[in-house]
Structure formats: C-alpha cells, structure tokens
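Chemist: Encoded as structure tokens, here's the structure I'll be asking about.
4 protein chains.
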Amino acid sequence: MTPAANTLDTPPRNARERSRLETRRRLLMAGAELIANDGLASARATDIAAAAGVAVGTLYFHFGDKDGLLEAILLHGVDLLTERLRTVVDNPHDTLTAAVRAHEDEMLAFIEEEPTLARVLFHNEVRATEVGTRIFELGVELQAERLRAGVADGFFRNDLHADITARAIVGMLSAVLTWWAADPSRASRQDVVDTLTAMRVGGLHHPEL
Amino acid sequence: MTPAANTLDTPPRNARERSRLETRRRLLMAGAELIANDGLASARATDIAAAAGVAVGTLYFHFGDKDGLLEAILLHGVDLLTERLRTVVDNPHDTLTAAVRAHEDEMLAFIEEEPTLARVLFHNEVRATEVGTRIFELGVELQAERLRAGVADGFFRNDLHADITARAIVGMLSAVLTWWAADPSRASRQDVVDTLTAMRVGGLHHPEL
Amino acid sequence: MTPAANTLDTPPRNARERSRLETRRRLLMAGAELIANDGLASARATDIAAAAGVAVGTLYFHFGDKDGLLEAILLHGVDLLTERLRTVVDNPHDTLTAAVRAHEDEMLAFIEEEPTLARVLFHNEVRATEVGTRIFELGVELQAERLRAGVADGFFRNDLHADITARAIVGMLSAVLTWWAADPSRASRQDVVDTLTAMRVGGLHHPEL
Amino acid sequence: MTPAANTLDTPPRNARERSRLETRRRLLMAGAELIANDGLASARATDIAAAAGVAVGTLYFHFGDKDGLLEAILLHGVDLLTERLRTVVDNPHDTLTAAVRAHEDEMLAFIEEEPTLARVLFHNEVRATEVGTRIFELGVELQAERLRAGVADGFFRNDLHADITARAIVGMLSAVLTWWAADPSRASRQDVVDTLTAMRVGGLHHPEL
DNA sequence: GATGAATGAGGATTCATTCAT
DNA sequence: GATGAATGAATCCTCATTCAT
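Chains as they are written, first to last, in this note's numbering: chain S, 1 to 209; chain G, 1001 to 1209; chain R, 2001 to 2209; chain X, 3001 to 3209.
Have a look at this one:
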C-alpha cells in the first residue's frame, strides 16, 4: 500500500513517480522542520502536511503513521551522516587522535550544514521514542563493531568491554551533540571537537602509552 | 494548600501528620513502581492513585500535578544517591582511579539496592521530560564544579572545557546506567564499573602521564 | 476504573452514587434514542453525550467505549424482556399453542411499551455488531434449552435438532420483530402474533392435513 | 461511462470486450473472497483491487462505488441460486414436504458448491447494508408470492398473512444458512435440511398430535 | 484531608472516492 | 480502459485535572 521506500536506489522512471518522490521529500523536510522547532509532541500530523502543502491523508499514504514519518526522517539523517563519515574512515590517518578528531569534526560539520535534520536526529524527545531508541541502538552496534575491529588491529586496549564502551561513547556523543545542535552558539566548534576527542582518545589508548 | 514538601527534615508531630506523610510515601512508591514498569506515558494518574490505595484527588492534593509527583520521585532518588556518593567523596582515595571507581561502584550499588527508584531516575522517557531535563542539568552542573575543582587542585588537565566535559561524562553515565538499570543481567557489575572507570580516567588524566 | 456495573443489585448508598447512576441511566436512554432513530453508525458518541446532557468523557467513564454503551443498552433491554417472559413461562397454559401465543404476545407488548429499547434490540445494524451477535447467540442458547426441556417433557418431537431449530426460531422472530418494531403500523399486533404462533406450532399446511 | 451491466446476456464481441469482462470478473471474485473472509468493513476498496490485480480506479470504473461492487456480487449470487432453484420448482413433487425438502437441499448444495459467494450472500454484516436489505426484501417478496400462489392452489392454509409469513420464513432461512455457510462442519447437511423442512412444513409439535 | 464523578480540548487516523495522466 | 497518488471530512477516544461533597 505504502509506495516503495527505496528512494535512492532507482531514479524515477516517469512523471508520476517523480511527483510522488517530490511529495515525499516535501513531507520529510516539513516534518523535520516542525519537529526540530516545536518538538515531536507539538508537531501535529495535520500541521506537517499543511507545511508540506498536501493533505493529511497524503502523509499517511506515504509513511503509514506519524512514527513512520519520524523513522524516515531519522533514517535519512543517518544516511547523510553515514555518507560523510565513510569518507573520513576511508582516508588514512597518522594517529588515532587524528582519526577520532576527523570523525568528530565531520559530525559537527553535519550539524552545521544540516541543522534541521541534526536537531531531529539529536533530540531528547525523539531519543525517548521507540524509533529513536532503535536508531540509538544502531549507533551503539556500529560503534561496538568499530571498537572490536580496533582491538583486533591492536589499536585499542582489549580489556574494555566493547558493548559497554560503545554505549558509553554513543551516550556521550548523543548528550553533547544534542546540546550543541539545539544552539551551536553555546560553544565553539573547536572546543566541542577538542573535548570529545580528548575524552575518546584518552579513554581508549593503551594505558602504558 | 499543598502540604510542606520537606518530608525528611522534621519528624511528624502527631498522628494526623504521620498519616499524611504515609499517604505521600505510598503515592511516591506507587508512582515509581508504575513508571518503572510501564513507562511514564502509560502510568496514568488514576492508576497510580489506585495502586497507592487512594483517590486521584489525593495525588493532586499532595503533588499539585503529575509532574509534581515525578519531580518528587526524582528528587527523592537524587537525595538517596547523593547521600551515598557523599560518603565516597568524603573518604580519601589514593589515586584518581580509585576515587572514580569508588564513585561508579556506589552508583551501581544504588541501582541494585533501589532498583525501582533507579529505573525511574535512569529512564529515557523520564529523561525527555522537562523535570527530567532539569535533573540532568543539575547533574551536569555538579559534575562541572567537581571538574573545575579538580583542575584547580591540579588533578585534571586544564585544557578541557569543564562544561562540555561534564556534559559528556553525565551523558555517558546516563546512557550506560539507563541500560543497566533496565536489566542488570545484561552485564556484570564488575564489567560496567571497569569500563566506566577506564573511560573517565583515561580521558581525564594528563596526556603525558 | 469503570464504575460498578451492577445497577440493580444494590440500591445507591449515598448521594454521589445516586447521581452516578442517574447519569448512567441518562446516557443509556439517550444512546437508545439516538441509535433507534439514526442507526448505530450515525449515532456519534458526542451526540449521545450531548443528548444526555453530559460531556463525551462521561460516556467513556461509564461504559469504556461505544460498544460498551451498546452492550449496556442491549443487556438492559434483554433484562426487561426476560422479566416479562418469565411471568409468562411461570403461568401454566392449557395447550402448547396457548403457551406459544402468550409468549409472542408478551414480546409484542414489550415492543409497544418500550419502543425505543425494542428498536435497538431488534435492529439489523445492531444485529451485525459483535455485541449484537453475542446477544443473538444468547437467545439461541436459551431457546435451545427450552426446546430440550420440551422434548424431555414429551411436548416436542425429538427428531429435530435443538440447536438448529432454536436458531431457526430466533432468526424468524428476529426478522419479523425487527420489521414490526421499526413501524408497528405495518401490521396489526393480532396478525403478527397469529402468524408467528402458527409458524411455531403448526407450520404452513392445512391444519387438517 | 460505466460499461454495460448485463454481462451475461450477450457474449463478448471482441478481444477488448473480453478483456473488460475478465477484469470485471476478477474484481467480482476478489471482492467476494475478501468480504467472505475478512468481513465487509475490513475489505477495503484498495485491497480488493490489489487482490484482483488492478488499480482502485478500475474498480470504480466498473462498479461506480463500493456498494456497486457489493450489489454486483450479491446479484450474481442470487442469479446462480435462482437458477438452481428454478429447476427444483419446475420438477413436480408428490408432496409438499418433498417440494420443500428439495428446495432446502438445493440451497445447501449451493452453499457447498459456491462457498465464497454464499458466505457473502449469507452474511450478517452484508445483511445490515442497504444493498443487503434490498436483496433480503426481494427474497421476502418472492416468498410471499409463492405463498399466495400456494394458497390459491389450495396447498396452503389461507388464514396466515403471506407477507408476515414470508418474512418469517426468509428470516429463519437467513439465520440458519448464515450460520451454516460460515462453517459447514457445524452440522451435517442432512440435519439442517431435516430441521428446516420440518419447521416449514410442520412446526414443532409431535406429528401425530 | 480525602473522595471520585465529571470534564472537554485535543489529535491521530481512516478510507471511499477522484481525476490528471 | 486503466492507473494510483492525492484528498480531507469525519470520529473515536484519552487522560490530566477539578471541585462539590
């Protein structure tokens, strides 16, 4: 019933599909905007649809329910963020510190360049949602894998529990980025990056180093 | 109209006051129980009152509104936790690691001994609340002060921004403790303490050490 | 949460309970009125509450949901009808025909004296409901027992299947009474009673054959 | 705009018309299937079209609206059933009982051989519909005529009111057949036929009385 | 102090139907 | 003939809160 979700895989074949994707995109953006500004609970389905210039039913046609819209927004945000981070990971870095710093830097760049999306992705009310939890757990999972890889490569100390450490890192990032995304004027980008990098590197390196 | 909030300061004078405090206590416990088990949104005011064996109106008499009850529960939890942590802080520790470990240890002990209260205090849905945010910010504030003191004492590196670091630490603790409080069988207490301690100590010590 | 349902068992103890029962009664009657006149689907919860002079929430407080109200109305109708029929059953009748006729007569009397309730109880839209089906099946059950008793007493032929026969009888009554309750001017009470009695007692052929 | 309704009268002239009729048939069958299994309210127009392998618009092109589809299904069912019953009526029967029995027998045969269609034709939810009522009243009308003919021929007693009796008979059949069509394993075909025949011919009392 | 019946604004969701392509 | 994305009026139900007793 719901139209195909994979927006990115195949280019629109015809005018009708192009228009459908355009409508979907408008709903996504309007939803992100309202949620970022008013909060999740205050963002009524009707308002989002109106902001997107369509009828409520259209929102439900595309996303099933309000949670479906939220999920689509979050996944889109994750997609964009992941894309950016991939380029960081692919580039070689001389030191662990440099690698971590590049990572944090990219995150802050994402927040600056996609402030609306970022304020939804990093949002306490959203975080408390079922969908939000799923995304958070996804992040923990990814982080845990990266840690295990780092341990296998000998970069990280192996006496830490990857799952718990991963959760600690994601929790730390989530708290700081949520705070900063809500109002980047609270601290300079440099300060945030410095602090997060120091926290992550200091905690992870071999104690004897 | 609302009875004095400071329940703990002065002992009940007479039978009437004792009964009032008893009612208040029952509401507090029933509220914590329902919120811990069903979540905040599912814990209806009416249900909490029923679980406490009183009428809804009584809940409103004692706490003003539902948020008032939540706040009272959280403050009670913070009280108990603070009490425990004070003994840790007052005891001298040989090393920073020992001090931090004692701190984390006490937190986990609190979760084990007051599981219901802990599952409210460390709860994503609660965290997203206005009251929950206030408590969180309180924690950040305390942590920041402790950090600043540590820097002044020369224990901590002074190139980190206390506010951001404090937020990172509290976010990290919040994420891990919320996860562990929901189901302590997920990881051994030892593992959690080890990981949190390593994260906090590693990130904080002088790089050259 | 829902107030005690047994309205008839114990008299109201105090003013508050008396008022509660009065509200409940008003909702019951308003619901029956609107359903009887507009049909089930057209009788909006808000309208019923307004007709009863209370807020919608009050309807939900008393009956849980719209189906709950319908069920209460139907059970009330069944109660009244059963009460009447009991007096018929208790009175001895010389012949089977007389007994059956008295039974049908009482049903029509009920429809005449409680036209609103009757038009809900005997209503196609209501009949299609889950609750309506339950009530219908209740009638089938009762009829089947009566038949079995009649067979045991030697009044009825024993080569018929009580369950199927009971369903046939109730289906027949339901169709005719629904039709007549909707507009009693369609046929004289006498004609309806005569026909139903004849059908139940003797079938279609000439009595002498 | 709507294609000619009389599908059966004239054979399709060309490929285009054949395809149109095939589409119509597929919608009819898909509709019957979904309504029979999920109920009328749960059978969405979109789902029916999907099950038929066409777009919703096609359903509306062929049947005008959802009620139009339902009506077409019911009329098709009535057609098939009438066809069968005609052969019964045309055959002479020695006794009234034999005639009635043959009639009931044919009905059950129809249910067994066209279970899906039968479960739509004999369906409480459908019965409560405007279209369903029309079909029901059609049955009552036919039955009344047959009764009047029987009285004119001297087969039936003339002291019964044809209209009321007809309604009683159709109500009885409807209730029993709806029940049996939903699950024929509930009773043997023989038992159902026996009971209905006995009810229609002779009533409940001992035959010899 | 306690009670609990009553409130009613508020929002998500449904789904038959349309019409431009 | 067929398509299917878009429509939007229509209703149910929730639940924190109040206040007369």
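By construction, the Cβ of each residue, glycine as well, lies at the ideal position given by its N, Cα and C atoms.
Going along the stretch 1131 to 1161 of chain G in order, which residues come within less than 9 Å of chain S, judged by CB to CB distance?
Modeler: If the cut-off is 9 Å between Cβ atoms, the stretch 1131 to 1161 of chain G has Gly1132, Thr1133, Phe1136, Val1140, Arg1157, Asp1159, Leu1160 and His1161 near chain S.
Chemist: Is Phe2155/R helix, strand or coil when you go by DSSP?
Modeler: Here residue 2155/R is taken as the residue at index 155 of the third sequence, counted from 1. In the structure shown, Phe2155/R sits in coil (DSSP, three-state: anything other than H, G, I, E or B).
Chemist: When we look at the beta-carbon of Arg1086/G and count the other beta-carbons within 10 Å, is it buried (16 or more) or exposed?
Modeler: In the second sequence, residue 1086/G corresponds to position 86, counting from 1. Flag for Arg1086/G reads exposed.
Chemist: List, in order along the chain, the chain X residues whose C-beta lies closer than 8 Å to that of Ala2128/R?
Modeler: Indexing the third sequence from 1 puts residue 2128/R at position 128. When 8 Å is used as the limit between beta carbons, Ala2128/R is near these residues of chain X: Asn3124, Glu3125, Arg3127 and Ala3128, in chain order.
Chemist: Let's test the definition: count the other Cβ atoms within 10 Å of the Cβ of Thr2129/R and tell me whether it reaches 16, buried, or not, exposed.
Modeler: Along the third sequence, one-based indexing puts residue 2129/R at 129. Per the 10 Å Cβ criterion, buried.
Chemist: Leaving out five residues before and five after Glu3104/X in sequence, what residues of the same chain have Cβ atoms less than 7 Å from its Cβ?
Modeler: Position 104 of the fourth sequence, counted from the first residue, corresponds to residue 3104/X. Contacts found: Val3193, Leu3196 and Thr3197.
Chemist: Would you mind working out which of Ala1118/G, Asp1191/G, Ala1166/G and Arg1167/G sits nearest Thr1178/G, comparing C-alpha positions?
Modeler: Taking the first residue of the second sequence as 1, we reach residue 1178/G at position 178. Of the listed residues, the one whose Cα sits closest to Thr1178/G is Ala1118/G.
Chemist: Nearest chain G C-beta to Asp239/S closer than 8 Å, yes or no?
Modeler: Because chain S spans 1 through 209 in this model, residue 239/S falls outside it and cannot be assessed.
Chemist: In whole angstroms, give me the CA-to-CA distance for Glu3112/X and Leu3034/X.
Modeler: Stepping through the fourth sequence from its first residue, residue 3112/X is reached at position 112. Stepping through the fourth sequence from its first residue, residue 3034/X is reached at position 34. Taking the straight line joining both Cα atoms gives about 18 Å.
Chemist: Run through DSSP, which three-state label would Ala1187/G get?
Modeler: Here the question's residue 1187/G lines up with position 187 in the second sequence. In this structure, Ala1187/G counts as coil in the three-state DSSP scheme.
Chemist: At a CB distance below 7 Å, what residues from the stretch 163 to 182 of chain S approach chain G? Give them in sequence order.
Modeler: Ile164, Thr165, Arg167, Ala168, Val170, Gly171, Met172, Ser174, Ala175, Val176 and Trp179
Chemist: Does the stretch 58 to 69 of chain S come into contact with the stretch 141 to 157 of chain S, if we say contact requires no fewer than three beta-carbon pairs (one atom in each stretch) closer than 8 Å?
Modeler: no
Chemist: So, helix, strand or coil for Ala1049/G, using DSSP?
Modeler: Indexing the second sequence from 1 puts residue 1049/G at position 49. Helix.
Chemist: Who are the neighbours of Val120/S on chain G, taking C-beta pairs under 8 Å?
Modeler: Residue numbering aside, residue 120/S sits at position 120 when the first sequence is read from its first letter. Simply none; closest approach about 14 Å.
Chemist: Is the beta carbon of Thr1165/G sitting closer than 8 Å to the one on Met107/S?
Modeler: Start at 1 with the first residue of the second sequence, and residue 1165/G comes out as number 165. Start at 1 with the first residue of the first sequence, and residue 107/S comes out as number 107. Judged by beta-carbon spacing, Met107/S lies beyond the 8 Å limit of Thr1165/G, meaning their Cβ atoms are not closer than that value.
Chemist: Checking 8 Å against the spacing of the C-beta atoms, do Thr2058/R and Ala2049/R come in under that value?
Modeler: Position 58 of the third sequence, counting from 1, holds the residue named residue 2058/R. Position 49 of the third sequence, counting from 1, holds the residue named residue 2049/R. Yes, they are a contact pair.
Chemist: With a threshold of 8 Å between beta-carbons, can Leu204/S be considered close to chain G, or not?
Modeler: Taking the first sequence and counting its residues from 1, one reaches residue 204/S at position 204. In this predicted model, Leu204/S has a pLDDT of only 49, less than 50, meaning its place in the structure is not dependable; the value taken from the coordinates is given anyway. Closer than 8 Å to some Cβ of chain G, the Cβ of Leu204/S qualifies, so yes.
Chemist: To be precise: take each residue of the stretch 183 to 201 of chain S, compare its Cβ to all Cβ atoms of chain G, and keep it if any distance is under 8 Å. Which residues remain?
Modeler: Ala187, Asp191, Val192, Asp194, Thr195, Leu196, Ala198, Met199, Arg200 and Val201
Chemist: Am I right that His76/S and Leu27/S are in contact with their C-beta atoms under 8 Å? What's the rounded C-beta distance?
Modeler: On the first sequence, position 76 is the one that residue 76/S refers to. On the first sequence, position 27 is the one that residue 27/S refers to. So it is not a contact: roughly 11 Å between Cβ atoms.
Chemist: Taking 6 Å as the limit between beta carbons, can you name the residues of its chain near His206/S, skipping five residues before and five after?
Modeler: Numbered from 1 along the first sequence, position 206 holds the residue referred to as residue 206/S. Bear in mind that a pLDDT of 44 at His206/S, under 50, signals an unreliable position, so the model cannot answer this.
Chemist: Roughly how many angstroms separate the alpha carbons of Ala3004/X and Leu3021/X, rounded to a whole number?
Modeler: Position 4 of the fourth sequence, counting from 1, holds the residue named residue 3004/X. Position 21 of the fourth sequence, counting from 1, holds the residue named residue 3021/X. Because Ala3004/X sits at a pLDDT of 45, beneath the cut-off of 50, its placement in the model cannot be relied upon, and the point is left open.
Chemist: Determine the direct distance from the alpha carbon of Val1056/G to that of Val2201/R, and round the result to whole angstroms.
Modeler: As a first step, residue 2201/R is located in the third sequence; it is residue number 201 there, counting from the start. As a first step, residue 1056/G is located in the second sequence; it is residue number 56 there, counting from the start. The alpha-carbon atoms of Val2201/R and Val1056/G are separated by roughly 59 Å.
Chemist: Can you name, in chain order, every residue of its own chain whose Cβ lies under 6 Å from the Cβ of Arg84/S, other than the five neighbours on each side?
Modeler: Here residue 84/S refers to the residue found at position 84 when the first sequence is read from its first residue. The beta carbon of Arg84/S is closer than 6 Å to those of Glu106 and Phe110 in its chain, skipping five residues each way along the sequence.
Chemist: Taking the alpha carbon of Leu1024/G as the reference point, which residue from Ile1135/G, Phe1061/G, Ala1187/G and Ser1042/G has its own alpha carbon closest?
Modeler: Residue 1024/G sits at position 24 when you count from the first residue of the second sequence. Inspection of the sequence shows that residue 1024/G is occupied by Arg rather than by Leu. Selected option, being the one with the closest Cα: Phe1061/G.
Chemist: If you draw a straight line from the alpha carbon of Asp3090/X to that of Ala3099/X, how long is it in whole angstroms?
Modeler: Residue mapping note: residue 3090/X aligns to position 90 of the fourth sequence, counting from 1. Residue mapping note: residue 3099/X aligns to position 99 of the fourth sequence, counting from 1. Using only the alpha carbons, I get a separation of about 10 Å.
Chemist: In this structure, how does DSSP classify Leu2040/R when only helix, strand and coil are distinguished?
Modeler: The count along the third sequence starts at 1 and reaches residue 2040/R at position 40. Residue state, collapsed to three classes: coil.
Chemist: Would Gln3190/X be called buried (16 or more neighbouring beta carbons within 10 Å of its own) or exposed?
Modeler: Residue mapping note: residue 3190/X aligns to position 190 of the fourth sequence, counting from 1. Exposed: under 16 other Cβ atoms inside 10 Å.
Chemist: Jot down the residue ranges of each uninterrupted alpha helix (DSSP H) in the stretch 105 to 187 of chain S, minimum 4 residues, whole runs only, in chain order.
Modeler: Counting whole runs of 4 or more residues, the stretch 105 to 187 of chain S contains the alpha helix (DSSP H) stretches 115 to 121, 124 to 127, 130 to 152 and 162 to 182.
Chemist: Helix, strand or coil, according to DSSP, for Val3088/X in the structure here?
Modeler: For this step, residue 3088/X is matched to residue 88 along the fourth sequence. Looking at Val3088/X - three-state DSSP - the assignment turns out to be helix.
Chemist: Does DSSP put Val1054/G in a helix, a strand or coil?
Modeler: Residue numbering aside, residue 1054/G sits at position 54 when the second sequence is read from its first letter. Coil.
Chemist: So is Ser1174/G buried or exposed if we call it buried at 16+ other beta carbons inside 10 Å?
Modeler: Position 174 of the second sequence, counted from the first residue, corresponds to residue 1174/G. Classification for Ser1174/G: buried.
Chemist: Would Val1131/G pass as a contact of Leu1074/G if the rule is Cβ separation under 8 Å?
Modeler: For the purposes of this step, residue 1131/G is identified with residue 131 of the second sequence, where counting begins at 1. For the purposes of this step, residue 1074/G is identified with residue 74 of the second sequence, where counting begins at 1. Yes; because the gap between Cβ atoms is below 8 Å, this pair is in contact.
Chemist: Give me the Cβ distance between Gly3171/X and Gly2171/R, rounded to the nearest whole Å; I'm assuming they're in contact under 8 Å.
Modeler: By one-based count along the fourth sequence, residue 3171/X stands at place 171. By one-based count along the third sequence, residue 2171/R stands at place 171. Confirmed, Cβ separation roughly 5 Å.
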